[in-house]
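Shown next, in structure tokens, is the structure this report addresses.
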Amino acid sequence: MRTARDERARVRGAQEGSVSDLETLFRTHWPRAYRAAYLVTHDAAAAEDIAQESFLAALRALDRFDRRRPFGPWLHRIVVNRAIDWTRARRLRAEVELADTFHAPPAPSSPADDVLAGLARLPPEHRAVVVMRYLLEFTPGEIAVALDLPRGTVNSRLRRGLDALGDGL
Amino acid sequence: MKRELERVDVPGEHEARERAWNVVTAAFSERTPVPQTSHWPRVAAVAIALSTVVAATVSSPGRAVLDEIREVVGVERAQPALFSLPAPGRLLVASDAGVWVVSEDGSRRLLGDYREATWSPFGRYVAATRENELVAIEPDGDVRWTLARRGARSPRWTGSEADTRIAYLTTTRVHAVPGDGTGDVDVGGPSHRVAPVWRPSARFTLTYVDTLGRVRLYDIDSGLGPWRPAGLSKAFRGPRKLEWSSDGRRLLFLTRRKLVLFGSRSRSPLSIRSERLVDAALRPGSHELAVLRTREGVSELLVGKRSLFSGTGRFTALVWSPDGRWLLLGWPAADQWVFVRADGKRIRAVSNVSAQFHSQSFPRVEGWCCAP
Chain L
112 MRTARDERAR
122 VRGAQEGSVS
132 DLETLFRTHW
142 PRAYRAAYLV
152 THDAAAAEDI
162 AQESFLAALR
172 ALDRFDRRRP
182 FGPWLHRIVV
192 NRAIDWTRAR
202 RLRAEVELAD
212 TFHAPPAPSS
222 PADDVLAGLA
232 RLPPEHRAVV
242 VMRYLLEFTP
252 GEIAVALDLP
262 RGTVNSRLRR
272 GLDALGDGL
Chain Z
16 MKRELERVDV
26 PGEHEARERA
36 WNVVTAAFSE
46 RTPVPQTSHW
56 PRVAAVAIAL
66 STVVAATVSS
76 PGRAVLDEIR
86 EVVGVERAQP
96 ALFSLPAPGR
106 LLVASDAGVW
116 VVSEDGSRRL
126 LGDYREATWS
136 PFGRYVAATR
146 ENELVAIEPD
156 GDVRWTLARR
166 GARSPRWTGS
176 EADTRIAYLT
186 TTRVHAVPGD
196 GTGDVDVGGP
206 SHRVAPVWRP
216 SARFTLTYVD
226 TLGRVRLYDI
236 DSGLGPWRPA
246 GLSKAFRGPR
256 KLEWSSDGRR
266 LLFLTRRKLV
276 LFGSRSRSPL
286 SIRSERLVDA
296 ALRPGSHELA
306 VLRTREGVSE
316 LLVGKRSLFS
326 GTGRFTALVW
336 SPDGRWLLLG
346 WPAADQWVFV
356 RADGKRIRAV
366 SNVSAQFHSQ
376 SFPRVEGWCC
386 AP
């Protein structure tokens, strides 16, 4: 999908029930949605759940979607907010093994490289800001709106995030 | 920085994308009205089948083949109608016409135009679904309450004399609602289409399969109290069925290529790998396993290691009687139900099953419940 015009056409097609247009939207935006969720949660299964649920949420709201707006940022905003919610919830509720009847839940993936290790040292809210800025290419102003944060907080989180990643790298 | 973030290896990206796409398209198809399809392919298929049968009948070798098929498909001397059940209890049956209750004396009552159904504890009520609705019904068909939910399906009812819960799936989520139809709770999701099951002998522990193929357990401490995750298995491909043993100590999980039994004495679940398994069910009051398998066009029923019954074509829907003495299996190619006693010493078959339930497709047994 090369242009914003193409994307608007795909969104309109999906709104009218075209599976092929929906598939184009899905295949265009899934990789970044899944990657963003993974970089915030560091858990592949959770990232899949989050990206999938975000697409379903987008699908439910598709009829109301304003086609003049770009689809990707709208979807990615849902993804990142859900990923932050998930990491916060995980702190509060640990999934535990059921006596001798079940395998232990799969451990969160260990950082595969220095960037991942650097991100892992950041609080999830800071990770989200870094991911939105550098992977999803939101501006600091857009991040502030999407995460309902003051602009200064976004800038400070970006700075601290980059410092931490710089140390790791 | 962007390049570094894009270089991070994200595990299982391709598989996750395909799984998600399946879920998204399923949700999308339920959102969008399915366009009317042409009847020509079906008409053509019927015409081809008919001409084949005619051609076979008019030639003597063809007639011999048809005679042979007639002999090997179906139990000979089957009863022409379901005159009675071989064991106490009542059946719930889903057909094209709707959901039926079949009493022990063979009498049938159509409850209404529902797709799926389940018995309440003690068989006092039935929970059923139709498009976008969960319905609680008395066994005489009177509706107690309804709950509108998008894509409601796979209801399962559990509880005691005083307190019950109905679990069910919506388009992508797992829900549970008290037996009076109020206080519906979104338990979690996204969920696989496998029906959720309640763990017996435990207070409202719900088991379901998520879209990654992981079995999840959730407990409610009391009433509508907080749901908290209690267990989580590793991921399995192609989930098809979940079933608890009646004492709640074994969990059967059937997938496309495996039969997995959780709760055995060893720490790891018992896993049998076979692509020929069609269905499996745990005998009430024990941990004995009945299995349907098929190979080279022949299906077979086994209880433990004993083969009790076999026949040409595919068997479906393995159901134990409530007393654990009889098994019921469907034989669509013969349009028969076959009741097999668990000791293998008696077999009762019933023909013309589809017509008895006013159905073009082969009726599905939803449950065999306790006697009234």
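Residue numbers (the working numbering), protein chains in the order written: chain L, 112 to 280; chain Z, 16 to 387. For every residue, glycine included, the Cβ atom is placed at its ideal position computed from N, Cα and C. From a predicted model like this one, the values you see are computed outputs, not experimental measurements.
Original post:
Three-state secondary structure (DSSP) at F277(Z)?
Top reply: strand
Subject >> First through last residue of the beta strand (DSSP E) which encompasses T187(Z) >> reply: T187(Z) -> no beta strand (DSSP E), and no H or E assigned at all.
Original post:
Pick from G89(Z), E21(Z) and E33(Z): whose alpha carbon is nearest that of S314(Z)?
Top reply: When only C-alpha atoms are compared, the closest one is G89(Z).
**OP:** Assign A62(Z) to one of two classes, buried (16 or more other C-beta atoms within 10 Å of its C-beta) or exposed (fewer than that).
**Re:** With a pLDDT of only 39 at A62(Z), under the threshold of 50, the placement of this residue in the model should not be trusted; the figure read from the coordinates follows. By the 10 Å Cβ count, A62(Z) comes out exposed.
Original post:
Buried or exposed: where does A96(Z) fall if 16 or more other Cβ atoms within 10 Å of its Cβ makes it buried?
Top reply: Sixteen is the threshold: since fewer than 16 other Cβ atoms of the shown chains lie within 10 Å of the Cβ of A96(Z), the residue is exposed.
**OP:** Please report how far the alpha carbon of E127(L) lies from the alpha carbon of D174(L), in whole angstroms.
**Re:** 9 Å
Original post:
Over what stretch of residues does the beta strand (DSSP E) that includes L136(L) continue unbroken?
Top reply: Where L136(L) is concerned, there is no enclosing beta strand (DSSP E), although the alpha helix (DSSP H) it sits in stretches over V130 to T152.
Subject >> From R123(Z), W341(Z), A370(Z) and A167(Z), residue whose alpha carbon lies closest to that of V209(Z) >> reply: Of the listed residues, the one whose Cα sits closest to V209(Z) is A167(Z).
Original post:
Contact between the stretch 171-190 of chain Z and the stretch 212-219 of chain Z: three or more CB pairs below 8 Å?
Top reply: Between the stretch 171-190 of chain Z and the stretch 212-219 of chain Z there are three or more inter-stretch CB-CB distances shorter than 8 Å, so the stretches are counted as touching.
Subject >> Three-state secondary structure (DSSP) of K320(Z) >> reply: The answer is coil: DSSP assigns K320(Z) none of H, G, I, E or B.
Subject >> Residues in the stretch 208-240 of chain Z having any Cβ partner in chain L nearer than 8 Å >> reply: D225, T226, L227, R229, V230 and L232
Original post:
Residues of chain Z with a CB under 7 Å from the CB of L227(L): which are they?
Top reply: V23
Original post:
What is the rounded straight-line gap between the Cα of L276(Z) and the Cα of A102(Z)?
Top reply: 27 Å
**OP:** Might you give, ordered along the chain, the residues of its own chain that have their beta carbon closer than 8 Å to the beta carbon of L227(L), omitting 5 neighbours on each side?
**Re:** L150 and H153
Original post:
Going by DSSP, what residues sit across from A132(Z) in a beta bridge?
Top reply: A143(Z)
Subject >> Any C-beta of chain L under 8 Å from that of A96(Z) >> reply: Not an interface residue.
Original post:
Taking C-alpha atoms, which residue in A305(Z), A93(Z) and L221(Z) lies nearest to G319(Z)?
Top reply: A305(Z)
Original post:
Given A7(Z), which residues of its chain have a CB within under 7 Å of its CB, disregarding the five upstream and five downstream residues?
Top reply: No answer is possible for residue 7(Z): it lies beyond the span of chain Z, which begins at 16 and ends at 387.
Original post:
What does E19(Z) touch in chain L if you count any residue whose Cβ is under 7 Å from its own?
Top reply: V226
Original post:
When DSSP labels each residue in this structure, what does D126(Z) get in the three-state scheme?
Top reply: In the sequence as presented, Asp is not what sits at residue 126(Z); that position holds Leu. Note: L126(Z) maps to strand in three-state DSSP.
Original post:
Under the rule that 16 or more other beta-carbon atoms within 10 Å means buried, what is G277(L), buried or exposed?
Top reply: Per the 10 Å Cβ criterion, exposed.
Original post:
Between which two residues does the alpha helix (DSSP H) containing R308(Z) stretch?
Top reply: Not the alpha helix (DSSP H): R308(Z) falls in the beta strand (DSSP E), residues L304 to R310.
Original post:
Can at least three beta-carbon pairs, one atom from the stretch 216-232 of chain Z and one from the stretch 262-277 of chain Z, be found at a separation below 8 Å?
Top reply: yes
Subject >> CB-CB length for A155(L) against V25(Z), believed under 8 Å >> reply: 7 Å
**OP:** Starting from the Cα of L100(Z), find the closest Cα among V355(Z), K360(Z), A370(Z) and S374(Z) and give me that residue.
**Re:** V355(Z)
Subject >> Within chain L, partners of P254(Z) - CB distance below 7 Å >> reply: Result: empty, since nearest Cβ-Cβ is about 15 Å, beyond 7 Å.
Original post:
Are G359(Z) and L323(Z) touching if we call contact CB-CB under 8 Å?
Top reply: yes
Original post:
For the 8 Å Cβ check, are there 3 or more pairs between the stretch 180-199 of chain L and the stretch 243-250 of chain L?
Top reply: Yes: the two stretches touch, three or more of their Cβ pairs being nearer than 8 Å.
Subject >> CB of F182(L) within 8 Å of CB of F137(L), strictly >> reply: no
Original post:
In its own chain, which residues sit with a C-beta less than 8 Å from the C-beta of L316(Z), not counting the 5 before and 5 after it?
Top reply: For L316(Z), where only same-chain residues beyond five positions count, the Cβ hits under 8 Å are A305, V306, L307, S322, L323, F324, S325, F330, L333, L342, L344 and V355.
Original post:
Under three-state DSSP, which class holds D82(Z)?
Top reply: At D82(Z) the pLDDT is 40, less than 50, meaning the model places this residue with poor confidence; the figure from the coordinates comes in the next sentence. Three-state DSSP puts D82(Z) in a helix.
Original post:
CB-CB under 6 Å to R363(Z), same chain, minus the five flanking residues each way: which ones, in chain order?
Top reply: Apart from sequence neighbours up to five positions away, the residues of its chain that approach R363(Z) with a beta-carbon distance below 6 Å are P101 and F354, ordered along the chain.
**OP:** Give me whichever residues DSSP pairs with V334(Z) in a beta bridge.
**Re:** According to DSSP, residue pairing for V334(Z) in a beta bridge involves L343(Z).
Original post:
Any Cβ of chain Z within less than 8 Å of the Cβ of T133(L)?
Top reply: A small correction: the amino acid at residue 133(L) is Leu; Thr does not occupy that position in the sequence shown. For L133(L), the answer is yes, since a Cβ of chain Z falls inside 8 Å of its Cβ.
Original post:
Expressed to the nearest angstrom, what Euclidean distance is found between the alpha-carbon atoms of V120(L) and R171(L)?
Top reply: Reading off the sequence shown, one finds Ala at residue 120(L), where the question assumed Val. Those two C-alpha atoms are separated by around 18 Å.
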